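S.K.:
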Amino acid sequence: MDFGLSEEQELIRDSFQGSLSRLAELDTVRRTAEAGAALDEDIWAELCGLGMAGLLIGEDYGGAGLGLLEAAVVAEELGRRVVPVPFVASAVMAPLAIRLGGDEDQCRAWLPAMADGSLRVGVAVSESAAGAREDAGVTAENGVLSGRALFVLDGVGAEGFVVADNAGGLHLVRADAAGLDRVGLKTIDRTRAVSELRFENTPADPLRQGEGVLRSVIDAGRVILAADSLGAGEEMLRQAVDYAGERKQFGRAIGSFQAVKHMCAEMASELQPCRALVWYGAYAMEHEPAQFSLAAAFAKSHVDEVGRFVARTATEVHGGMGFTDLMGLHYWFKRLGVNRAYLGSPERVRDEAARLQGFAA
Amino acid sequence: MDLQDRAEHKAFREEVRQFLKENKHLAPGESAFSFRMRPRNLAGEVRTWQGLLVDHGYTSRTIPKAYGGFGAEPDILKSRIIADEFFAANVIQGLGNQGISMLVPTLLEHGTEEQKQRYIRPTIRSEIVWCQGYSEPNAGSDLASLQTSGVEDGDDFIINGQKIWTSGAHIADMIFCLVRTEPDAPKHEGISYIVFPMDTPGIEVRPLQTMTGTPSFNEVFFTDVRVPQANVVGGRGNGWVVANSTLKHERGLLGDANRSLDSLLRVGKLLQNESLDGHPLMENPLFRDRFIRLQARVQAMRLHEMRMITDAGKGKGRGLGDMVVKLLGCELNHQLDGLGIDILGEIGVLYDESPMLRDGGAWQANFMFDLGLIIGGGTAQIQKNIISERGLGMPREPKVAGA
Chain A
1 MDFGLSEEQE
11 LIRDSFQGSL
21 SRLAELDTVR
31 RTAEAGAALD
41 EDIWAELCGL
51 GMAGLLIGED
61 YGGAGLGLLE
71 AAVVAEELGR
81 RVVPVPFVAS
91 AVMAPLAIRL
101 GGDEDQCRAW
111 LPAMADGSLR
121 VGVAVSESAA
131 GAREDAGVTA
141 ENGVLSGRAL
151 FVLDGVGAEG
161 FVVADNAGGL
171 HLVRADAAGL
181 DRVGLKTIDR
191 TRAVSELRFE
201 NTPADPLRQG
211 EGVLRSVIDA
221 GRVILAADSL
231 GAGEEMLRQA
241 VDYAGERKQF
251 GRAIGSFQAV
261 KHMCAEMASE
271 LQPCRALVWY
281 GAYAMEHEPA
291 QFSLAAAFAK
301 SHVDEVGRFV
311 ARTATEVHGG
321 MGFTDLMGLH
331 YWFKRLGVNR
341 AYLGSPERVR
351 DEAARLQGFA
361 A
Chain B
362 MDLQDRAEHK
372 AFREEVRQFL
382 KENKHLAPGE
392 SAFSFRMRPR
402 NLAGEVRTWQ
412 GLLVDHGYTS
422 RTIPKAYGGF
432 GAEPDILKSR
442 IIADEFFAAN
452 VIQGLGNQGI
462 SMLVPTLLEH
472 GTEEQKQRYI
482 RPTIRSEIVW
492 CQGYSEPNAG
502 SDLASLQTSG
512 VEDGDDFIIN
522 GQKIWTSGAH
532 IADMIFCLVR
542 TEPDAPKHEG
552 ISYIVFPMDT
562 PGIEVRPLQT
572 MTGTPSFNEV
582 FFTDVRVPQA
592 NVVGGRGNGW
602 VVANSTLKHE
612 RGLLGDANRS
622 LDSLLRVGKL
632 LQNESLDGHP
642 LMENPLFRDR
652 FIRLQARVQA
662 MRLHEMRMIT
672 DAGKGKGRGL
682 GDMVVKLLGC
692 ELNHQLDGLG
702 IDILGEIGVL
712 YDESPMLRDG
722 GAWQANFMFD
732 LGLIIGGGTA
742 QIQKNIISER
752 GLGMPREPKV
762 AGA
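Set out below in structure tokens:
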């Protein structure tokens, strides 16, 4: 048994860590976020050069053919640096949907351009993953879609979409398809984008397989969001520890007061086991598929709770500075807040976990 | 990551199953869950069972053969298979008492060849039962301020003083004890780690009744207790270093994820079996949510343990990941006990021999006992100091003059 990363996976982690420490300094993130872009094209291009967009796409289609664990390792680093690039939908959920549910023609038409980063694809599965708000829902009939899809991940700048219908089927839709309207939604998190899609007899290309693929795509997304939160949480803790070591009151570093150091100890304690939960969730997709949905549910719901605790506690350690825009800590606070809500809140996901185990009808 | 059973492990699982089928009837009849309620009336049965497990390598598996162990290479998957199969068969596994879990690893690390030869074999077979003489009335969290003294007299020390919270001292054969032997040295450098028999003249044990209603720990008084200097482990004045390695093993024991899993499965059964107004409690979404929350935590701790063991196997040093286990594991166990009690409602407060009592009253007993474990072995607050200062490198609390 080996519960750890391989040398190759550590290499991937290190190369992303190295590049991101140069590419995604807070000033850069801030500039992108304040411009309302939610996407830094330079960072995107550099990361695609490292193979980010094609991680999960097979070598036949120009990708690296790696697994969800490698994607989780990358997601942790993106969360750590609150990097403004689409990843969870564009580089994980959409490629998986097409890889698992697409036929040869669909794979050939979409995956190569996705692998090199020239085609970004959003994913509209919120109604299935988190439940339908307002009158949201998409119906598919005779090759066309109608209705609304809310909280479409990585939708801004996307040239295509993977869309779930009310019956659990998945469809490929081009962004310039007739009868498709895209409305940007603004959230607290300006480092990633969500939007609403409105369909009116919009032509769509159905994926061959429905239900099982949708389940896997959502589970994979949950693991990746948990990994992103883990990285973001660890970085908030690191900043809190640094700040508490520098800031002096009553003639000593505030980090020497137990009231403060115990807050940091609690954050560290809660974060430590999250890594194993995330890694196992990612590993389970390929190696223990019968456990995948449950493992993803545990990872998502637990890391969401830890993320909320760390976000508020790390901010509190910074005192008034934590509340300012200047400090920039709020970028992580908001990223964690958004990860918690997407693809199922902890309550929703735990309820699913109960159903998966036959504890509830 | 590779968690798959290989052919070797599949065969091993079969072997464990076969062993359990053939020998299950020899196991002490009570599960580990209720075992804690009446710990010692099973001593004979436990000893036989323990010996059998040692012989087959189902406990003390990696202890060298020369000292009576099984001498196997560390293999976490096999350890896990043993734990899983024993659990599935509802058979108690090897003992995890203070001698086996704390003294033996400490002797392996710091003991002389003679000490290893003499003590390890009978300890792992449960033929020698140990207690730990650390805390004193005025040396709790500040353990290094302990005052029990050992004064040199020829080849011996003459020990005087008092220990407290000494679990199992009333039934122990031996004690591993911290004694101040170098009164003029700085407080951390004047302590020796000494082992000696509990029937040495001058030792008096007074049981302390605990809130659970059972005496599980004691006060131990030493009056002119004569112990050979050769009984020091790890060198004179080096006891603080030796003790810390013991505490490390204790904290691993106290945060054991298998114990949490055992509790979790029992809580799950309660939720399915107990009913309110004729409906199983599992149908109540609030209880269900509390259960799934804790289930995720137990899963996190089990996987975390696997990660820590893997890291240790790769020679990565002990770090933050190991330091959090005692704090989290003890808190988790207490919360699991609390959920069990809440599921039972008024039935949950029944105790002793009451009608309608569930599981022999173990839910309340464990709820209290596990609070004791949050305090014992280094309080939660001391753990947080360790995590923040040693794990995160935060500044230490300024020392008060004279402390």
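Protein chains in written order, with the numbering used here: chain A, 1 to 361; chain B, 362 to 764. Where a beta carbon is used, it is the ideal one built from N, C-alpha and C, also for glycine. From a predicted model like this one, the values you see are computed outputs, not experimental measurements.
(1) So, does the segment 518 to 533 of chain B touch the segment 487 to 506 of chain B, judging by three or more C-beta pairs under 8 Å?
(2) Please identify the residue among Val278/A, Leu336/A, Gly212/A whose C-alpha is closest to the C-alpha of Leu237/A.
(3) Please say whether Leu464/B and Val779/B have beta carbons closer to each other than 8 Å?
(4) DSSP three-state call for Val278/A: helix, strand or coil?
(5) Within its chain, find whatever has a CB closer than 6 Å to the CB of Gly412/B; leave out the 5 residues flanking it on each side and keep chain order.
(6) Say whether the segment 722 to 732 of chain B touches the segment 567 to 587 of chain B, bearing in mind that this needs 3 or more beta-carbon pairs closer than 8 Å, one atom from each stretch.
(7) Please state if the CB of Val83/A and the CB of Thr191/A are separated by a distance shorter than 8 Å.
(8) Helix, strand or coil for Lys524/B per DSSP?
(9) Output, in chain order, the set of chain A residues within a Cβ distance shorter than 9 Å of Glu758/B.
(10) Give the residues from the segment 670 to 686 of chain B that approach chain A closer than 8 Å (Cβ to any Cβ), ordered along the chain.
(11) Counting contacts by CB-CB distance shorter than 8 Å, is Leu753/B in contact with chain A?
(12) Below 7 Å CB to CB, which residues in the same chain sit around Val593/B once its five sequence neighbours on both sides are set aside?
(13) Could you tell me if Val761/B is buried or exposed, where buried requires 16 or more neighbouring beta carbons within 10 angstroms of its beta carbon?
(14) Can you tell which of Asn694/B, Val540/B, Thr467/B, Leu718/B has the C-alpha that lies nearest to the C-alpha of Arg620/B?
(15) Going along chain B, which residues have a C-beta under 9 Å from His450/A?
(16) Nearest to Val162/A by CA position, among Ala193/A, Glu104/A, Thr187/A, Leu96/A, is which residue?
(17) What beta strand (DSSP E) runs, 3 residues minimum, are completely inside the segment 672 to 705 of chain B?
(18) Listing by chain order, which chain A residues have their CB less than 7 Å from the CB of Ile748/B?
(19) Between which two residues does the beta strand (DSSP E) containing Glu565/B stretch?
(20) I'd like to check one pair, Leu78/A with Asp228/A: are the Cβ atoms closer than 8 Å?
(21) List the DSSP bridge partners of Ser553/B.
(22) To which residues does DSSP link Ala193/A through a beta bridge?
(23) Give the straight-line distance between the Cα atoms of Ala640/B and Ala533/B, rounded to the nearest whole angstrom.
(24) For Arg329/A, would you say it is in contact with chain B, using Cβ-to-Cβ distances shorter than 8 Å as the test?
(25) Which class does Leu39/A belong to by DSSP, given the choice of helix, strand or coil?
(26) Distance cutoff 8 Å, beta carbons only. Does Val223/A sit that close to anything in chain B?
(27) Could you confirm whether any beta carbon from chain B is found closer than 8 Å to the beta carbon of Phe3/A?
(28) My parser needs the alpha helix (DSSP H) runs of 4 or more residues fully inside the segment 205 to 284 of chain A; what are they?
(29) Do we get a CB-CB distance below 8 Å when we pair Asp731/B with the residues of chain A?
(30) Which residues of the segment 698 to 712 of chain B have a Cβ closer than 7 Å to any Cβ of chain A? Give them in chain order.
(31) Can you tell me the Cα-Cα spacing of Gly460/B and Gly676/B, whole angstroms?
(32) Counting only the same chain and skipping the five closest in sequence on each side, list residues whose C-beta sits under 6 Å from that of Thr313/A.
(33) Going along chain A, which residues have a C-beta under 8 Å from Ala661/B?
(34) Looking at Ile437/B and Phe373/B, is the spacing between their C-beta atoms short of 8 Å?
(35) Have a look at Gly733/B and Lys334/A and give me their C-alpha separation to the nearest angstrom.
(36) Relative to the C-alpha of Val586/B, which residue among Ile519/B, Pro646/B, Phe448/B is closest?
M.R.: Looking at the atomic coordinates:
(1) yes
(2) Walking along the first sequence from the start, residue 237/A turns up at place 237. Residue Leu336/A is the option with its Cα nearest to Leu237/A.
(3) Examination of residue 779/B is not possible in this model, given that chain B is present from 362 through 764 alone.
(4) By 1-based counting over the first sequence, the position of residue 278/A is 278. The answer is helix: DSSP assigns Val278/A an H, G or I state.
(5) The residue given as residue 412/B occupies position 51 in the second sequence. Once the five neighbours on either side are set aside, the close Cβ partners of Gly412/B are Arg486.
(6) yes
(7) By 1-based counting over the first sequence, the position of residue 191/A is 191. By 1-based counting over the first sequence, the position of residue 83/A is 83. Contact flag set, yes.
(8) As a working note, residue 524/B is residue 163 in the second sequence. Lys524/B: strand per DSSP, three-state reduction.
(9) Residue mapping note: residue 758/B aligns to position 397 of the second sequence, counting from 1. Ser256, Phe257, Gln258, Lys261, listed in chain order.
(10) Ile670, Thr671, Asp672, Lys675, Leu681, Gly682, Val685
(11) Indexing the second sequence from 1 puts residue 753/B at position 392. Yes, Leu753/B counts as interfacial toward chain A.
(12) Locating residue 593/B in the second sequence gives position 232, where the first residue counts as 1. Excluding residues within five positions, the ones whose Cβ falls inside 7 Å are Ser553, Tyr554, Ile555.
(13) Taking the second sequence and counting its residues from 1, the one referred to as residue 761/B is at position 400. Result: exposed.
(14) Translated into the one-based positions of the second sequence, residue 620/B becomes position 259. Residue Asn694/B is the option with its Cα nearest to Arg620/B.
(15) Since the first residue shown for chain A is 1 and the last is 361, residue 450/A is missing from the structure and cannot be characterised.
(16) On the first sequence, position 162 is the one that residue 162/A refers to. Minimum Cα distance to Val162/A is reached at Leu96/A.
(17) none
(18) One-based indexing of the second sequence puts residue 748/B at position 387. Near Ile748/B (Cβ distances below 7 Å), the residues of chain A are Ala265, Ala268, Ser269.
(19) Here residue 565/B refers to the residue found at position 204 of the second sequence. First-last of the beta strand (DSSP E) with Glu565/B: 564 to 570.
(20) The sequence position of residue 228/A within the first sequence is 228, counting from 1. The sequence position of residue 78/A within the first sequence is 78, counting from 1. Yes; because the gap between Cβ atoms is below 8 Å, this pair is in contact.
(21) Start at 1 with the first residue of the second sequence, and residue 553/B comes out as number 192. For Ser553/B, which the question treats as bridged, DSSP gives the partners Val540/B.
(22) Against the first sequence, residue 193/A aligns to sequence position 193. Answer by DSSP bridge pairing: none, since Ala193/A is not bridged.
(23) Taking the second sequence and counting its residues from 1, one reaches residue 640/B at position 279. Taking the second sequence and counting its residues from 1, one reaches residue 533/B at position 172. Checking the sequence, you will find His at residue 640/B rather than Ala. Going by the C-alpha atoms only, they are around 48 Å apart.
(24) On the first sequence, residue 329/A is found 329 positions in, with the first residue counted as 1. Checking the sequence shown, residue 329/A turns out to be Leu, not Arg. By this cut-off, Leu329/A is not an interface position.
(25) Stepping through the first sequence from its first residue, residue 39/A is reached at position 39. In the structure shown, Leu39/A sits in coil (DSSP, three-state: anything other than H, G, I, E or B).
(26) Here residue 223/A is taken as the residue at index 223 of the first sequence, counted from 1. With 8 Å as the cut-off, Val223/A does not count as an interface residue toward chain B.
(27) Taking the first sequence and counting its residues from 1, one reaches residue 3/A at position 3. Yes, Phe3/A lies at the interface with chain B (some Cβ there is under 8 Å from its Cβ).
(28) 211 to 246, 258 to 271
(29) One-based indexing of the second sequence puts residue 731/B at position 370. Not closer than 8 Å to any Cβ of chain A, the Cβ of Asp731/B fails to qualify, so no.
(30) none
(31) In the second sequence, residue 460/B corresponds to position 99, counting from 1. In the second sequence, residue 676/B corresponds to position 315, counting from 1. Distance between the alpha carbons of Gly460/B and Gly676/B is about 25 Å.
(32) Within the first sequence, residue 313/A is the residue found at index 313, counting from 1. Closer than 6 Å at Cβ, skipping near neighbours: Met263, Met267.
(33) For the purposes of this step, residue 661/B is identified with residue 300 of the second sequence, where counting begins at 1. Those are Pro273, Cys274, Ala276, Leu277, Phe298, His302, listed as they occur along chain A.
(34) Against the second sequence, residue 373/B aligns to sequence position 12. Against the second sequence, residue 437/B aligns to sequence position 76. No; because the gap between Cβ atoms is not below 8 Å, this pair is not in contact.
(35) Your numbering for residue 733/B matches position 372 in the second sequence. Your numbering for residue 334/A matches position 334 in the first sequence. Answer to the nearest angstrom: the Cα atoms are 39 Å apart.
(36) Residue numbering aside, residue 586/B sits at position 225 when the second sequence is read from its first letter. The residue with the shortest Cα to Cα distance from Val586/B is Ile519/B.
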